[in-house]
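Peer 1:
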Amino acid sequence: MHSLGILGVGELTEKVVMGLRSSGFDGAILLSPRNAQRAEALAHTQGCQVLPSNQAVVDQAELVMLGVRPAALAQLASEVRLRPGQRLVSLAAGVGLAQLQAAFPAAHCVRVMLSYAAQHNQATVVVCPPDVPTEQGLGALGNLVVLQDEAAFELATVAACMNGWFYFLLHDLQQWLTDKGLPAAEARALVLGNLHDCVTSAQRQPEHTLKALGQAIATPGTFTADGLAVLMHQPVSASWGAACEVVLDGLLTRSR
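If you use the numbering used here, the sequence shown corresponds to residues 782 to 1037, in order.
1) Using C-beta distances below 8 Å, list every residue in its chain close to residue 1056, excluding the 5 sequence neighbours before and after it, in chain order.
2) Check whether the stretch 928 to 943 and the stretch 881 to 891 are in contact - that is, three or more C-beta pairs closer than 8 Å.
3) In terms of alpha-carbon separation, which member of 879, 797, 831 and 947 lies closest to residue 1024?
4) With distance defined between alpha-carbon atoms, name the residue in 868, 942 and 863 nearest to residue 897.
5) Do the stretch 829 to 849 and the stretch 786 to 798 meet, that is, are 3 or more Cβ pairs less than 8 Å apart?
6) Can you grab the Cα-Cα spacing for the pair residue 916 / residue 1001, in whole Å?
7) Excluding five sequence neighbours on each side, which residues of the same chain lie with their C-beta closer than 6 Å to the C-beta of residue 944?
8) Which one or two residues does DSSP pair with residue 904 in a beta bridge?
9) Roughly how many whole angstroms lie between the Cα atoms of residue 866 and residue 839?
10) Given a cut-off of 9 Å on the beta-carbon distance, is the pair residue 968 and residue 959 in contact?
11) I believe residue 1029 touches residue 939 by the beta-carbon criterion, under 8 Å. Please report the beta-carbon distance rounded to the nearest angstrom.
12) Can you grab the Cα-Cα spacing for the pair residue 825 / residue 834, in whole Å?
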């Protein structure tokens, strides 16, 4: 990828720009003029160019990233014309390939899902369908997960929503510690540190299920087991499952 054009400069695409620059990408990053304040800030701090129109971005970019909300898709599609075979990488959740292809008939459309951790080059970068140029262009933003079909991609979108939910769970755990008298900074460090320990152990032991790894710690007679017994009688997982179903239903309804 020699140049990237971004249609829709928002929170997420901002993080993509920051991650690409920190990874060493020195190609042109071309920004649409809307959301002028954020675009100008990126031009100043990340060496981007703010172009006068969306079509100008498309004309000068090798790969185009779609960062607008789904409700703005029709308006944007009426304003731009992509070159035959030009790659359009969409971050618009719930907008399927068929919809993208109908809106941008000349483009080669790819769906991508990633998180704000892209700015730290630690995001999970989900690509569907497999597309080598997209994978090569965005792979530096984190860990690639390449999916063959859109049904799997919609489930990956639900998983991406979990990313946001985790913060609230972690906040509640930190708050319990602070309510008991632990300073906020130390409580935060302990909660995040234990989460990091868990993730590291799980990543290093892919041969074990996540449940098995937990069971190895929560053995009978341990304090971990005592607390787990309470959690199992008041399963928060049921609420999390219900939240996942709501998101998946919304995604499938929108994509029809």
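Ideal Cβ placement from N, Cα and C applies to all residues, glycine included.
Peer 2: Taking the definition as stated:
1) The first residue shown for the chain is 782 and the last is 1037, placing residue 1056 beyond what the model contains.
2) no
3) 947
4) 942
5) yes
6) 46 Å
7) 896
8) 923
9) 12 Å
10) yes
11) 5 Å
12) 19 Å
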